[in-house]
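Protein chains in written order, with this note's numbering: chain A, 119 to 326; chain B, 119 to 326.
C-beta atoms are modelled at their ideal positions from N, C-alpha and C, and glycine is treated no differently.
Just so we're clear, the structure is a prediction, and the values are computed from it rather than from any experiment.
Beneath this line is the structure, given in structure tokens, with notes to follow.
There are 2 protein chains.
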Amino acid sequence: MQIAIVLFDGFTALDAVGPFQALSPLPGAETVFVAEQAGPVGDDTGSLTLVARKSFAEVTRPDILVVPGGPDVPVHDEALLDWLRTVDAATTWTTSVCTGSLLLAAAGLLKGREATSHWLALDAIREYGVTPTGQRVVFDGKYVTGAGVSAGIDMGLTLAGKIAGDEHAQGVQLMIEYDPQPPYDAGSPAKAPSVLVEKFRAEVPASS
Amino acid sequence: MQIAIVLFDGFTALDAVGPFQALSPLPGAETVFVAEQAGPVGDDTGSLTLVARKSFAEVTRPDILVVPGGPDVPVHDEALLDWLRTVDAATTWTTSVCTGSLLLAAAGLLKGREATSHWLALDAIREYGVTPTGQRVVFDGKYVTGAGVSAGIDMGLTLAGKIAGDEHAQGVQLMIEYDPQPPYDAGSPAKAPSVLVEKFRAEVPASS
Numbered sequence: 119m120q121i122a123i124v125l126f127d128g129f130t131a132l133d134a135v136g137p138f139q140a141l142s143p144l145p146g147a148e149t150v151f152v153a154e155q156a157g158p159v160g161d162d163t164g165s166l167t168l169v170a171r172k173s174f175a176e177v178t179r180p181d182i183l184v185v186p187g188g189p190d191v192p193v194h195d196e197a198l199l200d201w202l203r204t205v206d207a208a209t210t211w212t213t214s215v216c217t218g219s220l221l222l223a224a225a226g227l228l229k230g231r232e233a234t235s236h237w238l239a240l241d242a243i244r245e246y247g248v249t250p251t252g253q254r255v256v257f258d259g260k261y262v263t264g265a266g267v268s269a270g271i272d273m274g275l276t277l278a279g280k281i282a283g284d285e286h287a288q289g290v291q292l293m294i295e296y297d298p299q300p301p302y303d304a305g306s307p308a309k310a311p312s313v314l315v316e317k318f319r320a321e322v323p324a325s326s
Numbered sequence: 119m120q121i122a123i124v125l126f127d128g129f130t131a132l133d134a135v136g137p138f139q140a141l142s143p144l145p146g147a148e149t150v151f152v153a154e155q156a157g158p159v160g161d162d163t164g165s166l167t168l169v170a171r172k173s174f175a176e177v178t179r180p181d182i183l184v185v186p187g188g189p190d191v192p193v194h195d196e197a198l199l200d201w202l203r204t205v206d207a208a209t210t211w212t213t214s215v216c217t218g219s220l221l222l223a224a225a226g227l228l229k230g231r232e233a234t235s236h237w238l239a240l241d242a243i244r245e246y247g248v249t250p251t252g253q254r255v256v257f258d259g260k261y262v263t264g265a266g267v268s269a270g271i272d273m274g275l276t277l278a279g280k281i282a283g284d285e286h287a288q289g290v291q292l293m294i295e296y297d298p299q300p301p302y303d304a305g306s307p308a309k310a311p312s313v314l315v316e317k318f319r320a321e322v323p324a325s326s
């Protein structure tokens, strides 16, 4: 079983590393970070660099595809969109975290489906013919989308349970000690102080 | 303000990336990944490579030090322990995630203090004269330790709030949409099925 996590300039690190940590212990799984060209790929902060071990040309039939997001995902990158369409044709599961769902949508893979995204991108994904839901993890057929950034951990554990059973996924949760205790209850627009929600909404271009 | 996240062969990726995502938005912060030598550093799975942009020699006075853990942290790596001691002398905050606290302890920095670690390493840290607590995030003076792997997100957000205020940290939480909804309630040994807890305990060498 091959898990391919795709990287592109400006990805958000936790979008990729959350599901990586949850999915890579799957029995018999080989995880590969892949980008158009193999080599270092920088994140959205400019401080973190992950290495893509393989190029698009070298990864053609992953069983599980994971697409992270970022604040400005390359929805017009035809090489990336072509590769997503090509490998999706044979995946067992095609997944995304955060605005990674905008890339799947831009590739035409989510048309007519339910999906989620970062809370600031739920309007944008609707423009691709996708019905956004308010859930943190959305399954629609083989397409599994997670909400913003940290939701990739929940998405990965949920998918790990579907694939390898509850006990496997609970073991992963225990080993990553995922017993979350956030110091605030501000992790969604419904719960955060409205002044913050409005501030971030004002910073997002209407067309993004 | 410089945040230094130290890397070594076999680190656990989410240990480093969780606090990175929570702390790097601090106002005026520059985050640097550092290792004994600059260059690629492989994680504990062998599948993920992060790049250390700077060497120990180039990072001598970080304000915040973050030490990730891993399943087999190099507690006898004198170059690493020396660097931890050197930079700790001038940090404002010295932090760890998971078994990163074993490295701080091995460097002699936690002696007589309260700290935490991965749940499987709480006995091991006691051998360094440290008092382990059952909390997910432990503050003792400027030393801040988080429990296993995913606890680095809680540690990072808690510290971000102490440094830059609740509203800043709540904004970070909202942007990483950290509204955790794990599919199971198995994230600590007190909650997970006992068969899993016993299985993992049996796999840990008594001396680790």
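Our two residues, ALA278 of chain B and VAL169 of chain A, have alpha carbons roughly 28 Å apart in a direct line.
Fewer than three Cβ pairs drawn from the stretch 189-209 of chain B and the stretch 133-150 of chain B lie within less than 8 Å of each other, which leaves the two stretches out of contact.
For THR210 of chain B and ASP284 of chain A, the gap between their C-alpha atoms comes out near 42 Å.
Under the Cβ criterion of 8 Å, MET293 of chain A is counted among the residues facing chain B.
When CB distances to chain A are screened at a threshold of 8 Å, the residues of the stretch 265-294 of chain B falling below it are ALA265, GLY266, VAL267, SER268, ALA269, ILE271, ASP272, LEU275, THR276, GLY279, ASP284, GLU285, ALA287, GLN288, GLY289, GLN291, LEU292, MET293 and ILE294, in chain order. Close partners of ARG179 of chain A in chain B (Cβ separation under 7 Å) are lacking, with about 18 Å as the shortest Cβ gap.
Taken in chain order, the whole beta strand (DSSP E) runs of length 3 or more contained in the stretch 173-201 of chain B are 182-185. Taking a Cβ-Cβ threshold of 7 Å, the residues of chain A close to HIS236 of chain B are GLU295, in chain order. CA-CA distance, ASP181 of chain A to ILE281 of chain A, rounds to 12 Å. Here the alpha carbon of SER268 of chain A sits roughly 11 Å from the alpha carbon of PRO186 of chain A.
Taking 8 Å as the threshold, the shortest C-beta distance from GLY157 of chain A to chain B does not fall below it. Its chain contains GLY146, ALA147 and ASP181 as the residues whose beta carbon lies nearer than 6 Å to that of MET119 of chain A, once the 5 sequence neighbours on both sides are disregarded; these appear in chain order. With 16 or more other Cβ atoms inside 10 Å of its own Cβ, GLN288 of chain A counts as buried. Non-local beta-carbon contacts of PRO250 of chain A in its own chain, meaning distances under 7 Å to residues more than five positions away in sequence, involve ALA233, THR234, SER235, LEU240, ILE243 and ARG244 in chain order. Against chain B, the CB of SER306 of chain A has a partner CB under 8 Å away; the residue lies at that interface. Inter-segment contact for the stretch 186-199 of chain A and the stretch 125-141 of chain A is present: three or more beta-carbon pairs are separated by less than 8 Å. The C-beta of ARG254 of chain A comes closer than 8 Å to at least one C-beta of chain B.
What GLN299 of chain A touches in chain B, judged by beta-carbon distance under 7 Å, is ARG254 and ASP272, going in chain order. Shortest Cα-Cα distance from THR263 of chain A to any of A:LEU314, A:MET293 and A:LEU220 involves A:LEU220.
In chain order, GLN288 and LEU292 make up the part of chain A whose C-beta sits under 7 Å from the C-beta of ALA310 of chain B. Fewer than three pairs of CB atoms, one per stretch, sit closer than 8 Å, so the stretch 172-179 of chain A makes no contact with the stretch 155-170 of chain B.
Remark: C-beta atoms of VAL290 of chain A and LEU275 of chain A approach each other more closely than 8 Å.
In the three-state scheme derived from DSSP, where H, G and I count as helix and E and B as strand, LEU168 of chain B is classed as strand.
Straight-line measurement puts the Cα of PHE318 of chain B at about 11 Å from the Cα of PRO311 of chain B. Following the DSSP letters along the chain, one finds SER214 of chain B inside the beta strand (DSSP E) bounded by residues 211-215. Looking at the DSSP output, GLN120 of chain A sits in a beta bridge with A:GLU148. The Cβ-Cβ distance between ILE271 of chain A and ALA156 of chain A does not fall below 8 Å. For SER142 of chain B, the neighbours in chain A by C-beta distance under 7 Å run, in chain order, THR163 and SER165. Spatial neighbours of PHE138 of chain A in its own chain (CB-CB distance under 7 Å, excluding positions within 5 residues in sequence) are listed in chain order as ILE123 and THR149. A direct Cα-Cα distance of roughly 16 Å separates GLU321 of chain B from HIS286 of chain A. DSSP places VAL313 of chain A inside the alpha helix (DSSP H), whose first and last residues are 312-321. The beta carbon of GLY136 of chain A falls within 8 Å of a beta carbon belonging to chain B, placing the residue at that interface.
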